[in-house]
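Asks: Mind looking over this structure? Questions follow.
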Amino acid sequence: TQAPAGRLPLLAEPVKDPDEQFLHRIGFPGEYPYTRGIQPTMYRGRLWTFRQYSGFGSASETNRRFRYLLSRGQTGLSVAFDLPTQVGYDSDHPRARGEVGRCGVAISTIEDMRTLFHEIPLGEATVSMTINATAPILVALLVAVAEERGIPRARIGGTVQNDILKEYIARGTYIYPPEPSLRL
Numbered sequence: 003t004q005a006p007a008g009r010l011p012l013l014a015e016p017v018k019d020p021d022e023q024f025l026h027r028i029g030f031p032g033e034y035p036y037t038r039g040i041q042p043t044m045y046r047g048r049l050w051t052f053r054q055y056s057g058f059g060s061a062s063e064t065n066r067r068f069r070y071l072l073s074r075g076q077t078g079l080s081v082a083f084d085l086p087t088q089v090g091y092d093s094d095h096p097r098a099r100g101e102v103g104r105c106g107v108a109i110s111t112i113e114d115m116r117t118l119f120h121e122i123p124l125g126e127a128t129v130s131m132t133i134n135a136t137a138p139i140l141v142a143l144l145v146a147v148a149e150e151r152g153i154p155r156a157r158i159g160g161t162v163q164n165d166i167l168k169e170y171i172a173r174g175t176y177i178y179p180p181e182p183s184l185r186l
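Residue numbers for the sequence shown follow this note's numbering, so the first one is 3 and each next one is one higher.
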């Protein structure tokens, strides 16, 4: 695009190269493939989500913290899970002994998930789960709780990491071998 003399163009592009197809590959903000962000006007049209990474021993303790944070202006939740939940052990499993609730919230059942999100507006506040191998299970529990409340799936927002390589390389807490996990 052309700009008046001495002014920056409205749309910055790389040096013209007909083979590059720059705009086709990265798109515009708010458009697929979202390389330049998910909102067309970025934070000017929608402020970023305010969330604090939180998780205490029990679902009820964490729920109290979540409700407090939301009452103080937080717009999303970031769930810190305990180690047994992260590696797929229920709280009553012998290998979980001594680790339940130590570094985050313990979630073993749908009842735990109901307690965790009791009185939380799941159709409004987004939920970020810092979880990897067990992410599909925990997302399924979250969706089930939201559906029990009549919240349509399209209104449930948030993110998960689901990064098996991080678990394998950086943390040593992997429960699935990396090769088949990468097929996803």
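Don't be surprised by glycine CBs; every beta carbon is placed ideally from N, CA and C.
(1) Would you kindly work out how many angstroms separate the C-alpha atoms of residue 97 and residue 74, rounded to a whole number?
(2) Quick one: measure Cβ to Cβ for residue 32 and residue 41, integer angstroms, because I've assumed they're closer than 8 Å.
(3) Is the beta carbon of residue 55 closer than 8 Å to that of residue 82?
(4) Considering only residues of the same chain and omitting the five flanking positions on each side of residue 184, which have a CB-CB separation below 8 Å?
(5) Near residue 133, what residues of its chain come up, given a Cβ to Cβ distance below 8 Å and the 5 sequence neighbours on each side ignored?
(6) Rounded to the nearest angstrom, how far is the Cβ of residue 177 from that of residue 90, given a contact under 8 Å?
(7) Could you tell me which of 62, 121 and 92 sits nearest to residue 136, measuring between CA atoms?
(8) Of all the options 126, 113, 181 and 112, which has the alpha carbon lying nearest to the alpha carbon of residue 155?
(9) Expressed to the nearest angstrom, what Euclidean distance is found between the alpha-carbon atoms of residue 65 and residue 157?
(10) When you compare each of 129, 49 and 146 to residue 112 by their alpha carbons, which one comes out closest?
(11) From what residue to what residue does the beta strand (DSSP E) around residue 131 run?
(12) Across which residues does DSSP place residue 83 in a beta bridge pair?
(13) Whose C-alpha, out of 118, 170 and 169, is nearest the C-alpha of residue 59?
(14) Could you say which of 129, 172 and 109 lies nearest to residue 52 if we only look at CA atoms?
(15) Using a Cβ-Cβ cut-off of 6 Å (strictly less than) and excluding sequence neighbours within five positions of residue 114, which residues of its own chain qualify?
(16) In whole angstroms, give me the CA-to-CA distance for residue 124 and residue 148.
Replies: Reading off the structure:
(1) Looking at the backbone, the Cα of residue 97 and that of residue 74 are separated by about 38 Å.
(2) Beta-carbon to beta-carbon, residue 32 and residue 41 are separated by about 5 Å, close enough to satisfy the 8 Å threshold.
(3) Yes, Cβ-Cβ distance for residue 82 and residue 55 is below 8 Å.
(4) Result list for residue 184: 166 and 167, in chain order.
(5) In the same chain as residue 133, and ignoring 5 residues on each side of it, the C-beta atoms closer than 8 Å to its own belong to 81, 83, 87, 88, 140, 162, 163 and 164, in chain order.
(6) Yes, residue 177 and residue 90 are in contact; Cβ-Cβ is about 5 Å, under 8 Å.
(7) The shortest CA-to-CA distance from residue 136 to any of 62, 121 and 92 is the one to 92.
(8) Ranking the options by Cα distance to residue 155, first place goes to 126.
(9) Computed Cα separation, rounded: 20 Å.
(10) Checked all of 129, 49 and 146; the closest Cα to residue 112 is 146.
(11) It spans 128-131 - the beta strand (DSSP E) in which residue 131 sits, taken as one unbroken run.
(12) Paired residues: 107.
(13) The shortest Cα separation from residue 59 among 118, 170 and 169 belongs to 118.
(14) Among 129, 172 and 109, the Cα nearest to that of residue 52 is on 129.
(15) Excluding sequence neighbours, residue 114 sits near 61.
(16) One alpha carbon belongs to residue 124, the other to residue 148, and they sit about 7 Å apart.
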